[in-house]
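Notes for the one structure printed next.
Protein chains in written order, with this note's numbering: chain A, 1448 to 1777; chain B, 204 to 394.
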């Protein structure tokens, strides 16, 4: 068993690359597996802390839960529906390094009525609302949602990328705040890409009608199906172009669909999904273009091989035990 | 602690004692296997809530310790299984990792709950580690420091830290082999 890896594996500090190596090694030997289980059990027991937790406040917490449970049983059926029927949420994970799971935490009814959803790196989350609205959240994206009954509107705030299928509500428009822009629509299907570390916000309309406004509510442009508006924040400009549908939905289906994209932009996308850092030593390479489909479940090494096959560049991977791996392209 | 006391007295105080004794070790177990502190705490809280709810119906001879352990273990196993199902075919590494996590937890038996005994034995075994080795082991174990951080603090190489950690595990494994209900392996520790 590799000395170097063992501690990282036991403390869950190993990188995905390290894990791959470690488990591959384990699969080959029943003995090594047994040894691993033994060490895991040993580590479990020997790392049990002495009292470092405020046991009194923990108990208070628990006791509150017990009391609340009793209270709930006394609620009438009507009141129960009012309290919990605000939102029904399904969050599913598709692929990714970190994986995802159905979390009960997200069904907490918050005081302010603002609900937050997150998709972790390497995951896609799907949120379904009782009115039929469906939102897909891409890797490393966050969406907060609120029903603004006073002004009769539904407001969401997005960082990252999301695909919206909004249920039509005549008197209650759906607004999405993304960076400096507000996208307003009545009941349509569209995609917004607004990652914090990108210098653009891309809004693509698949179906229906949507307006793009400034934060203060001034109309900038009205989108028609098949159009995509790219807002470049550095230049404060909006560019319009047409989109091809299957490119848009690809990320929801667990694929990287690349159409004549610059290698640097491709790496940016990959680094988000896989969680590595990269550096281009050869500036010419940044503008190399690539077209192709790659499944998101492919390992990084294979993705590099696929890109390398058609675009001829060299790369070196620096594995780090305690921070993201780095890929150098030259 | 007799269950008869608990159910007949209907006593918050007795319940609190049980909580004080077992809450943390159970949280340690669930956090270790679920990786998520909040989720882990929830699982343990659920078990205690359940215990309180059925306190009157519990068989007078039942072992509360084991009851709590079994609830927590099974809930964790279910969560791991659910994660596995969601990931099926999507991520080989994560799938493998989960598989080992599940199997590892599966093998943990109720004697994990012999907490006082276990703690004592572990402390005794740790004392037997050579000083430099023990120092490093405790930094990792108690202060949650990564190998790199330990190496920086002690101004030695990370490889040296890794070697000491390996040595520590080797010695502890030897010291505790009669106590831990594990399958003994006659191979070398490190290949």
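Note that CB positions come from ideal geometry on N, CA and C, so glycine has one too. From a predicted model like this one, the values you see are computed outputs, not experimental measurements.
Listing by chain order, which chain A residues have their CB less than 9 Å from the CB of residue 228 (chain B)?
Against the second chain, residue 228 (chain B) aligns to sequence position 25. Near residue 228 (chain B) (Cβ distances below 9 Å), the residues of chain A are 1495.
Roughly how many angstroms separate the alpha carbons of residue 1768 (chain A) and residue 368 (chain B), rounded to a whole number?
Your numbering for residue 1768 (chain A) matches position 321 in the first chain. Your numbering for residue 368 (chain B) matches position 165 in the second chain. Straight-line Cα distance between these residues: approximately 16 Å.
Check each candidate in A:1606, A:1661, A:1673, A:1573 and name the one with the smallest Cα separation from residue 1587 (chain A).
By one-based count along the first chain, residue 1587 (chain A) stands at place 140. When only C-alpha atoms are compared, the closest one is A:1606.
Please confirm if residue 225 (chain B) has its CB atom under 7 Å from at least one CB of chain A.
Locating residue 225 (chain B) in the second chain gives position 22, counting from the first residue. With 7 Å as the cut-off, residue 225 (chain B) does not count as an interface residue toward chain A.
Counting only beta-carbon separations shorter than 7 Å, does residue 1557 (chain A) have a partner in chain B?
The residue you call residue 1557 (chain A) lines up with position 110 of the first chain. The predicted model places residue 1557 (chain A) with a pLDDT of 42, which falls under 50 and marks its position as unreliable; any figure quoted below should be read in that light. Closer than 7 Å: no.
Would you kindly work out how many angstroms separate the C-alpha atoms of residue 1608 (chain A) and residue 1670 (chain A), rounded to a whole number?
Within the first chain, numbered from 1, the residue matching residue 1608 (chain A) stands at position 161. Within the first chain, numbered from 1, the residue matching residue 1670 (chain A) stands at position 223. Distance between the alpha carbons of residue 1608 (chain A) and residue 1670 (chain A): 18 Å.
From the DSSP secondary-structure annotation, give me the bridge partner or partners of residue 1574 (chain A).
Walking along the first chain from the start, residue 1574 (chain A) turns up at place 127. Its beta-bridge partners are A:1582.
Taking the alpha-carbon of residue 1611 (chain A) as reference, which of A:1572, A:1599, A:1646 has the nearest alpha-carbon?
Along the first chain, one-based indexing puts residue 1611 (chain A) at 164. Nearest C-alpha to residue 1611 (chain A): A:1572.
Would you kindly report the start and end of the unbroken beta strand (DSSP E) that includes residue 1737 (chain A)?
Translated into positions along the first chain, residue 1737 (chain A) becomes position 290. Run containing residue 1737 (chain A): 1736-1742, per the beta strand (DSSP E) assignment.
Taking all protein chains shown into account, decide if residue 1532 (chain A) is buried (16 or more other Cβ within 10 angstroms of its Cβ) or exposed.
Residue mapping note: residue 1532 (chain A) aligns to position 85 of the first chain, counting from 1. Annotation note: pLDDT 40 at residue 1532 (chain A) (below 50); position unreliable, no value reported.
Flag this pair as touching only if the region 248-258 of chain B and the region 1494-1513 of chain A have three or more C-beta atom pairs under 8 Å; answer yes or no.
Flag = yes, the region 248-258 of chain B and the region 1494-1513 of chain A touch.
In chain order, which alpha helix (DSSP H) runs of at least 4 residues are fully inside the region 333-376 of chain B?
Entirely contained in the region 333-376 of chain B, the alpha helix (DSSP H) runs reaching 4 residues are, in chain order, 334-345, 350-357.
What does residue 1467 (chain A) touch in chain B if you count any residue whose Cβ is under 9 Å from its own?
One-based indexing of the first chain puts residue 1467 (chain A) at position 20. Ordered by position in chain B, the residues that pass the 9 Å Cβ test against residue 1467 (chain A) are 295, 296, 299.
Restricting to Cα atoms, I'd like to know which of A:1503, A:1639, A:1740 is closest to residue 1707 (chain A).
As a position in the first chain, residue 1707 (chain A) is number 260, starting the count at 1. For residue 1707 (chain A), the nearest C-alpha among the options comes from A:1740.
Nearest to residue 363 (chain B) by alpha carbon, out of B:214, B:273, B:340, B:376?
Indexing the second chain from 1 puts residue 363 (chain B) at position 160. For the residues B:214, B:273, B:340, B:376, the minimum Cα distance to residue 363 (chain B) belongs to B:340.
Starting from the C-beta of residue 1732 (chain A), find all residues in its chain whose C-beta is less than 7 Å away, skip the five residues before and the five after it, and write them out in chain order.
Here residue 1732 (chain A) corresponds to residue number 285 of the first chain, with the count starting at 1. 1710, 1760, 1776.
Could you work out which residues of chain A lie near residue 341 (chain B), taking near to mean beta carbons separated by less than 7 Å?
As a first step, residue 341 (chain B) must be located in the second chain, where it is residue number 138. The contacting residues do not exist; residue 341 (chain B) stays about 10 Å from chain A at best.
So who's on the other strand from residue 1670 (chain A), going by DSSP bridges?
As a working note, residue 1670 (chain A) is residue 223 in the first chain. In the DSSP output, where bridge partners are listed per residue, residue 1670 (chain A) has A:1657.
Going by the beta-carbon positions, is the gap between residue 307 (chain B) and residue 275 (chain B) smaller than 7 Å?
Taking the second chain and counting its residues from 1, the one referred to as residue 307 (chain B) is at position 104. Taking the second chain and counting its residues from 1, the one referred to as residue 275 (chain B) is at position 72. No, Cβ-Cβ distance for residue 307 (chain B) and residue 275 (chain B) is not below 7 Å.
Please compile the residues from chain A whose C-beta is within a distance smaller than 8 Å of the C-beta of residue 276 (chain B).
If you number the second chain from 1, residue 276 (chain B) lands on position 73. Here the premise fails: no neighbours, minimum Cβ distance about 12 Å.
Determine the DSSP secondary structure at residue 1462 (chain A), reduced to helix, strand or coil.
To locate residue 1462 (chain A), count along the first chain from 1; it is residue 15. In this structure, residue 1462 (chain A) counts as coil in the three-state DSSP scheme.
Please state whether the Cβ-Cβ distance between residue 1668 (chain A) and residue 1725 (chain A) is less than 7 Å.
Along the first chain, one-based indexing puts residue 1668 (chain A) at 221. Along the first chain, one-based indexing puts residue 1725 (chain A) at 278. Taking 7 Å as the Cβ cut-off, residue 1668 (chain A) and residue 1725 (chain A) do not qualify as a contacting pair.
Determine the chain B residues that contact residue 1470 (chain A) at a beta-carbon separation under 8 Å, and present them in chain order.
Start at 1 with the first residue of the first chain, and residue 1470 (chain A) comes out as number 23. 296, 299, 300, 303, listed in chain order.
As an exercise, report each continuous alpha helix (DSSP H) stretch of at least 4 residues that is fully enclosed by the region 1464-1512 of chain A, in chain order.
You should have 1477-1493.
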